[in-house]
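Numbering (the numbering used here), first residue to last: 205 to 406.
Below you'll find the structure, written out as structure tokens, and then a few comments.
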Ligand code: IDP
Ligand code: MG
């Protein structure tokens, strides 16, 4: 097969709520039918240490998530738990450790053209209440930041999906050994990527 652009890989986790809601098949189906290729798959309960490592991998994540949380408190005219974005981020990290290690998750690596962007588009925005219709988070669950904040827990939104290609490469390394990434060809890649598309006619 001839094609001229390197492909991306991205990490997807079906979080414990997705597994408990019996949505594994539905979620995999949505990614699979785009043409992305599944190159890694495992099912286990992650330790809180792995979850912490995962979120702290990206140096800017703590402050970014803290800032997003502060903005949402301000928008609602609510008193901030902390005015410092890092402290707010750390508070969310603690809730995420509890959430993601509460039960088994499905960890996957998907590969293909613009895999990170394609997966984020299908997954939808962070908060299910406002995620677009047609996305996994928008269609298949109903949590809101308000409810999560009232109960002092993480927003339950079924999925983690890497935010950028650099983030993906780092995340994949902590969830998968190199030998667990399967190198193979899918027949449909000829149709999706081959520059000549000349193998169809008899
Ligand atoms: P993302 O998963 O859409 O990339 P991030 O900002 O990276 O969103 O946040 C990681 C996870 O932390 C979210 O998927 C969600 O479960 C949780 N989360 C994010 N913001 C909040 C919040 O304001 N309150 C509670 N949980 C949050
Ligand atoms: Mg993120």
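For glycine and all other residues, C-beta sits at the position ideal for the given N, C-alpha and C.
Have a look at the options and flag the residue whose alpha-carbon is nearest the alpha-carbon of residue i.
i, options, result
"residue 259", "208, 394, 398 and 302", "302"
"residue 386", "334, 314 and 348", "314"
"residue 328", "341, 319, 262 and 272", "341"
"residue 205", "284, 404 and 393", "393"
"residue 228", "211, 212, 406 and 247", "247"
"residue 320", "390, 368, 347 and 251", "368"
"residue 232", "362, 336 and 287", "362"
"residue 338", "265, 404 and 235", "235"
"residue 388", "346, 243 and 224", "243"
"residue 390", "226, 211 and 240", "240"
"residue 269", "222, 300, 252 and 224", "300"
"residue 262", "370, 402, 384 and 401", "370"
"residue 223", "253, 344, 279 and 397", "344"
May I ask you to list the residues that DSSP assigns as paired with residue i?
i, result
"residue 248", "309"
"residue 214", "314"
"residue 241", "315"
"residue 365", "216"
Who are the near neighbours of residue i in its chain, counting only those whose CB is closer than 6 Å to its CB and skipping five residues on each side?
i, result
"residue 324", "365"
"residue 294", "none"
"residue 322", "238"
"residue 311", "217, 246 and 379"
"residue 336", "328 and 342"
If you check the beta carbons only, do residue i and residue j fall under 8 Å apart?
i, j, result
"residue 395", "residue 208", "no"
"residue 230", "residue 297", "no"
"residue 267", "residue 289", "yes"
"residue 214", "residue 372", "yes"
"residue 352", "residue 220", "no"
"residue 404", "residue 309", "no"
"residue 281", "residue 211", "no"
"residue 250", "residue 304", "yes"
Give every residue of the same chain whose Cβ lies closer than 7 Å to the Cβ of residue i, excluding the five residues on either side of it in the sequence, and list them in chain order.
i, result
"residue 349", "276, 331 and 359"
"residue 274", "284, 289 and 292"
"residue 162", "This structure cannot speak to residue 162, because the chain is shown only from 205 to 406."
"residue 406", "none"
When the cut-off is 8 Å and only beta carbons count, does residue i lie next to chain D?
i, result
"residue 234", "This model lacks chain D altogether; it includes just one protein chain."
Considering only residues of the same chain and omitting the five flanking positions on each side of residue i, which have a CB-CB separation below 8 Å?
i, result
"residue 265", "259 and 293"
Does the structure place the segment 340 to 359 close enough to the segment 375 to 393 that three or more beta carbon pairs sit under 8 Å? no
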